[in-house]
Structure formats: structure tokens, C-alpha cells
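Report on one structure; see the data block that follows.
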Amino acid sequence: NSNANATVFQRKTGIILALDVTDEASALEITSEVSGLIDAVKIGYPLVLGTGLQIASKLSKYAPVIADFKVADIPNTDRLICEHVFKAGCAAIIVQGFTGPDSLTECVKTADEFGGKVFVVSEMSHPGGDHFFTDDVSKEIAALAKKSDAFGIVAPATRPERVKELRAVIGGDLKIISPGVGAQGGSAADTIKAGADWVIVGRSIYNAENPRDEAMKVKVEIEKLI
Ligand code: XMP
310 NSNANATVFQ
320 RKTGIILALD
330 VTDEASALEI
340 TSEVSGLIDA
350 VKIGYPLVLG
360 TGLQIASKLS
370 KYAPVIADFK
380 VADIPNTDRL
390 ICEHVFKAGC
400 AAIIVQGFTG
410 PDSLTECVKT
420 ADEFGGKVFV
430 VSEMSHPGGD
440 HFFTDDVSKE
450 IAALAKKSDA
460 FGIVAPATRP
470 ERVKELRAVI
480 GGDLKIISPG
490 VGAQGGSAAD
500 TIKAGADWVI
510 VGRSIYNAEN
520 PRDEAMKVKV
530 EIEKLI
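Have a look at this one:
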């Protein structure tokens with residue numbers, strides 16, 4: 310479905326929904342409820358293993374879909390994975406950067422062929438996320454993402470000071486998407502102030518009694534910054 314791939318990423322609310330529910334009915338129901346309040350929906354192994362990759366084209370009717378597969382392989386395998394993801398209607402893929410320049414370049418090249426985008430994980434948001442992704446390593450990965458013409462990086466909302474440092478490394482050309490808001494303790498406002506373009510919010514929206522109200526709260530929090 311090449312039309313879905315053509316969906317341009319536009320920053321309207323600054324919110325990406327992390328959709329880690331594992332069944333199709335909930336996935337479609339929650340996404341339709343919050344549609345208009347999110348700029349993209351991020352799917353990963355929980356939902357794709359639960360429902361199949363065809364969920365991507367169904368969700369792309371509501372918002373561009375980002376496949377968070379944290380791809381980390383040799384270039385040939387990366388290419389095969391990226392081809393499946395973009396053919397399925399995803400607009401972007403999240404890949405690891407520690408695999409090095411050749412793997413990263415192959416992902417970007419494959420994405421380009423489909424009009425898709427690549428986000429590179431520079432540092433992870435959980436408490437152990439800075440154990441191997443030390444300050445220097447994540448800065449090197451961010452610099453490599455820029456050199457490889459990736460569309461953006463993934464940086465931790467749980468450490469806004471790191472978002473700020475990584476923004477300084479990549480400058481204004483690349484986007485930053487930041488997970489860790491809500492359930493992991495990060496603040497949407499602090500993360501955007503630190504230089505992120507989008508916050509990624511999962512559990513605090515999809516587990517809420519009313520996901521739309523919860524997404525609206527985040528939207529208003531971000532709007533207040535302007
Ligand atoms: P919650 O429920 O914590 O969901 O709001 C966060 C979502 O983001 C994913 N995640 C990450 N993805 N780099 C990534 O590429 C990260 O550092 C990172 N931290 C969290 C997580 O899998 C969930 O979908």
C-alpha cells in the first residue's frame with residue numbers, strides 16, 4: 310500500500326501513540342478514539358506478533374504508522390525487514406544505530422525506495438537504558454544517524470537533559486521522538502522544551518479509562534508551551 314507510505318509526517322499535536330495492546334479490536338478502537346489528537350501511531354512486537362503485520366495498513370487509515378522493531382542486523386537482513394515493513398504500509402521504522410554505518414545506510418536506502426523514514430535509537434528510556442548507551446556512545450550514534458541521512462532519532466523523555474544534548478549533536482535537520490512520558494515518569498512539556506519534536510505516549514493513554522481525555526491532556530500540556 311504505497312499510498313499509506315506517502316503520508317507525510319506532520320507535527321500538529323506533537324503526540325505519537327505507542328500502541329502496545331495485543332489484539333486487533335482494541336488496537337483499532339483506541340486509535341480511532343484518539344485520531345486527530347495524535348500525529349502517528351507506533352506499533353511494535355507486542356501488537357504485530359499478536360495480530361500480524363497487516364494491522365499496519367488498517368491503522369494507517371487513522372495516522373501514519375511507525376514500526377518500532379529496533380532493527381539491528383547485517384545490511385542484507387535489515388533490507389529484507391525494511392522491505393516487509395514498508396510494503397505493509399508503514400510510514401517509518403525504528404532501527405538500532407549500534408550496528409554501524411553500513412547497516413544504517415542500508416535501512417535508509419531501503420526506506421527511501423518506499424518514501425519511508427528511519428528513526429535511529431540513540432539511547433533508551435528505561436532505568437538501565439544508559440548502562441551501555443553511555444553519554445558518549447549515544448552522541449556518536451546520533452551523529453551517525455545524521456551522517457546516514459536518517460529522518461530522526463529516538464531519545465529518552467525520562468532524561469530531558471540527554472534530549473537537549475542529543476539535539477545539540479544533530480542540529481535542526483533531524484527529528485527527535487521521545488518515549489518515556491507518562492507511565493515511565495517523563496513529562497511531555499519538559500521533553501518538548503528540551504528539543505523533542507514528538508513525545509511517544511503508550512500506557513498512560515491506552516490503559517486510561519478514557520484514552521481521548523488522556524491524549525487531550527497531553528495535547529494541551531504541549532500547546533501551553535507555544
Ligand atoms: P509507555 O507505555 O512507557 O510506552 O508510554 C513507551 C513505548 O516506547 C517504547 N520505547 C522505546 N522505543 N527507544 C525506542 O525505540 C526507547 O528508548 C524506548 N523506550 C520505550 C516502548 O517499547 C513502548 O512502546
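484 is the number that the working numbering gives to position 175 of the sequence shown; each next residue is one higher, with no gaps.
Even for Gly, the Cβ is constructed at its ideal location relative to N, Cα and C.
So what does DSSP say about Val343, is it helix, strand or coil?
For the purposes of this step, residue 343 is taken as the residue at position 34 of the sequence shown. If DSSP states are grouped into helix, strand and coil, Val343 belongs with the helices.
What distance in whole Å lies between the Cβ atoms of Ala349 and Ile364, which are believed to be in contact at a cut-off of 8 Å?
As a first step, residue 364 is located in the sequence shown; it is residue number 55 there, counting from the start. As a first step, residue 349 is located in the sequence shown; it is residue number 40 there, counting from the start. The pair is not a contact, with the Cβ atoms about 15 Å apart (cut-off 8 Å).
7 Å CB neighbourhood of Ser457 in its chain, flanking five on each side removed
Position 148 of the sequence shown, counting from 1, holds the residue named residue 457. In the same chain as Ser457, and ignoring 5 residues on each side of it, the C-beta atoms closer than 7 Å to its own belong to Pro410, Leu413, Thr414, Val417, in chain order.
Rounded C-beta distance between Glu342 and Arg521? I'm assuming under 8 Å.
Working through the sequence shown from its first residue, we reach residue 342 at position 33. Working through the sequence shown from its first residue, we reach residue 521 at position 212. Correct: roughly 5 Å between the Cβ atoms.
Thinking Met433 and Phe442 are a contact (beta carbons under 8 Å), I'd like their distance in whole angstroms, please.
Position 124 of the sequence shown, counting from 1, holds the residue named residue 433. Position 133 of the sequence shown, counting from 1, holds the residue named residue 442. Contact holds; Cβ gap of about 6 Å.
Distance, Pro465 Cα to Arg471 Cα
Along the sequence shown, one-based indexing puts residue 471 at 162. Along the sequence shown, one-based indexing puts residue 465 at 156. Distance between the alpha carbons of Arg471 and Pro465 is about 7 Å.
From Asn519, Thr500, Thr340, Gln405, residue whose alpha carbon lies closest to that of Leu534:
Here residue 534 refers to the residue found at position 225 of the sequence shown. That would be Thr500, whose Cα lies nearest to the Cα of Leu534.
Strand pairing of Leu428, partner residues [DSSP]
Taking the first residue of the sequence shown as position 1, residue 428 is located at position 119. For clarity, residue 428 is Phe in the given sequence; the question names Leu instead. Partner(s): Ile403, Gly461.
From Ala336 to Asp377, what distance separates their C-alpha atoms?
If you number the sequence shown from 1, residue 336 lands on position 27. If you number the sequence shown from 1, residue 377 lands on position 68. Roughly 15 Å between the two C-alpha positions.
Near Val429, which residues of its chain fall below 8 Å by C-beta distance, leaving aside the five closest residues on each side in sequence?
For the purposes of this step, residue 429 is taken as residue 120 along the sequence shown, with counting starting at 1. Hits under 8 Å: Ile403, Val404, Gln405, Gly406, Leu413, Ile450, Ala451, Leu453, Ala454, Ser457, Ala459, Gly461, Ile462, Val463.
From Leu356 to Thr408, what distance separates their C-alpha atoms?
Position 47 of the sequence shown, counted from the first residue, corresponds to residue 356. Position 99 of the sequence shown, counted from the first residue, corresponds to residue 408. Looking at the two C-alpha atoms, the distance is approximately 25 Å.
Run through DSSP, which three-state label would Pro488 get?
Numbered from 1 along the sequence shown, position 179 holds the residue referred to as residue 488. Looking at Pro488 - three-state DSSP - the assignment turns out to be strand.
Output the boundary residues of the beta strand (DSSP E) element that contains Phe378.
On the sequence shown, residue 378 is found 69 positions in, with the first residue counted as 1. Start and end: 374-380.
Please state whether DSSP places Lys367 in a helix, a strand or coil.
Numbered from its first residue, the sequence shown carries residue 367 at position 58. It is helical.
Considering only the alpha carbon of each residue, which of Gly361, Lys426, Asn385 lies closest to Ala401?
For this step, residue 401 is matched to residue 92 along the sequence shown. Here the closest residue by C-alpha is Lys426.
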